[in-house]
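Working notes, structure below.
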Amino acid sequence: MSEGTMQRPAQRDRRNERDQRDRRAKSLRRVLVCAAAVPVMLIAAGCSSDSGSDDAGSGGSSSASSSSSGGAEAGAPASPTPTVQAAAYKSLPEPCAVLSKKSLGELVPEGKKSGKEGTSDDTATRASCSWNSLDNNGVKGSQFRWLNVALLRFESDTSRGSGDQQAQAYYAKQVQDAQSSQGAKNAKSTPLAGTGDQATTVTYDLKKKEGAFKQQTIVTRVENVVVTVDYNGAGLAGEKTPSATSLTKLAEKAAQETVAAVSAANGEGTAKGGGTASSSPSASKSASPSKNATPSKSSSPSKSGSDSATKAPSKKASPSTSAPKKS
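In my numbering, the protein residues as written are 172 to 498.
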């Protein structure tokens, strides 16, 4: 075999080796290209997946927010807590100290020291005091006087209204009761100016076996307090019947002093009556309603003996129980 013939297999072997190396190199390049392409595809797929997740999450969040908002809008708004204007006056004066000694000397000359305080389960809500006077002149007869001052204070309550409103209703009722007193003759009602926020004078005659009585009832309202002054007089055992005009003036004076005492007991320097207050207590006072005085107690006139005197003074002021018989 010639040398050229021997070189051909060797050349073929070398070509085969080169071909195999080329094929391996191409395969390796393909693997590398594919390997490089896989992360890009994964990243693209991941981005696409993340974007979808974000959209879904955002959509869910928006949906939840919309649902929450819709639920809040659909719910009924909370109703406001009921409120009522606070009562102006929180206390009452001592009932037996509302009148000066001078006034008592004119109203009940022989009984100015005989003031008897009425019973009350809450003196900050209701109070009263009464006086009897008998000027005995022996065979010449006697002069009898009876005086009762009653005070009723109303507290503000969300179910019953403000103290001022309750006082107005009670004031009207007291005036009506005085006008329709049993046995009253020649009844007259007259508005009284300059005494509290409202005031009415009711006068009438009352005939009893002991004598002819002259009755005066002054009903006054100042803010959330109602003052009722009952005053009557009679000439007994042949004594002359007192003048209704003079008795009325004295009763009205007693009402004005009592209103002043109510204002003073609540820190008001000038009362409504006998003077004009510089400012309305209801506008300047904003204290919360008192808890110890309920309207249900203060609006029950049946518990006060002084209130019943206004309706039927003949029972309270009957000379048969407080004045001696003719000597």
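Beta carbons are placed, not taken as given, at the ideal position from N, Cα and C, and that holds for glycine.
Computed from a predicted model, the values in this text were never measured in an experiment.
For residue i, collect the residues of the same chain with a Cβ closer than 8 Å to its Cβ; drop the 5 residues on either side in sequence, then sort them by chain order.
| i | result |
| --- | --- |
| GLN191 | none |
| ARG189 | none |
| LYS356 | TYR375, ASP376, LEU377 and LYS378 |
| SER271 | GLU428 |
Between the Cα of residue i and the Cα atoms of the options, which residue gives the shortest distance?
| i | options | result |
| --- | --- | --- |
| SER333 | LEU421, GLN427, ALA259 and SER414 | ALA259 |
| THR388 | PRO266, GLU381 and VAL398 | VAL398 |
| GLY406 | THR419, PHE384 and LYS420 | PHE384 |
| VAL373 | ALA358, PRO280, GLN353 and LEU421 | ALA358 |
| LYS424 | GLY365, GLN386 and GLY404 | GLY365 |
| GLU381 | GLY409, GLY354 and GLN350 | GLY409 |
| ASN303 | THR290, ASP293 and SER285 | SER285 |
| THR294 | ALA321, ASP335 and VAL279 | ALA321 |
| SER417 | GLN256, GLU277 and ALA257 | GLU277 |
| LYS420 | LYS411, LEU363 and VAL430 | LEU363 |
| ASN319 | LYS273, TYR341, VAL279 and LYS411 | VAL279 |
| PHE325 | PHE315, ARG316, ALA340 and TRP317 | ALA340 |
| GLU281 | TRP317, LEU305 and LYS197 | LEU305 |
For the beta strand (DSSP E) that contains residue i, what are its first and last residues?
| i | result |
| --- | --- |
| LYS379 | 369–379 |
| ASP270 | Sequence check: residue 270 is Leu here, not Asp. Per DSSP, LEU270 belongs to no beta strand (DSSP E) and is neither H nor E. |
| GLN256 | Looking at the DSSP string, GLN256 is not in any beta strand (DSSP E), and its letter there is neither H nor E. |
| LYS385 | 382–393 |
| LEU407 | 396–407 |
| THR162 | The shown model of the chain, from 172 to 498, leaves out residue 162, and the question about it has no answer. |
What residue range does the alpha helix (DSSP H) around residue i cover?
| i | result |
| --- | --- |
| THR429 | 415–436 |
| ASP292 | Element bounds for ASP292: n/a, residue is neither H nor E. |
Between residue i and residue j, is the Cβ-Cβ spacing less than 8 Å?
| i | j | result |
| --- | --- | --- |
| ALA338 | ALA426 | no |
| ARG297 | LEU275 | no |
| LYS283 | SER301 | no |
| VAL269 | GLU439 | no |
| GLU262 | ASN395 | Reading the sequence as shown, one finds Ser at residue 262 and not Glu. Not closer than 8 Å, so no. |
| PRO264 | VAL433 | yes |
| PRO413 | THR329 | no |
| VAL400 | GLY367 | no |
| SER299 | ASN307 | no |
| ALA353 | SER360 | Correcting the residue type first, residue 353 is Gln in the shown sequence and not Ala. Contact: no. |
| VAL430 | SER327 | no |
Can you find the residues in the same chain that come closer than 6 Å, C-beta to C-beta, to residue i, ignoring five residues on each side of it along the sequence?
| i | result |
| --- | --- |
| VAL346 | THR371 and VAL390 |
| LYS311 | none |
| ALA422 | GLN387, ILE389, VAL400 and TYR402 |
| LEU213 | Unreliable positioning characterises LEU213 in this predicted model, as indicated by a pLDDT of 49, which lies under 50. The coordinate reading is nonetheless provided below. Once the five neighbours on either side are set aside, LEU213 has no close Cβ partner at all. |
| ARG316 | VAL279, SER304 and GLY404 |
With a cut-off of 8 Å, does the C-beta of residue i fall near any C-beta of chain D?
| i | result |
| --- | --- |
| LEU275 | Going by chain labels, chain D is absent from the structure shown, which holds only one protein chain. |
In its own chain, which residues sit with a C-beta less than 7 Å from the C-beta of residue i, not counting the 5 before and 5 after it?
| i | result |
| --- | --- |
| ALA415 | THR374 and LYS385 |
| ALA343 | none |
- Please specify which runs of the beta strand (DSSP E), each continuous and at least 3 residues long, are wholly inside the segment 282–339, giving them in chain order. Listed in chain order, they are 297–307 and 313–324.
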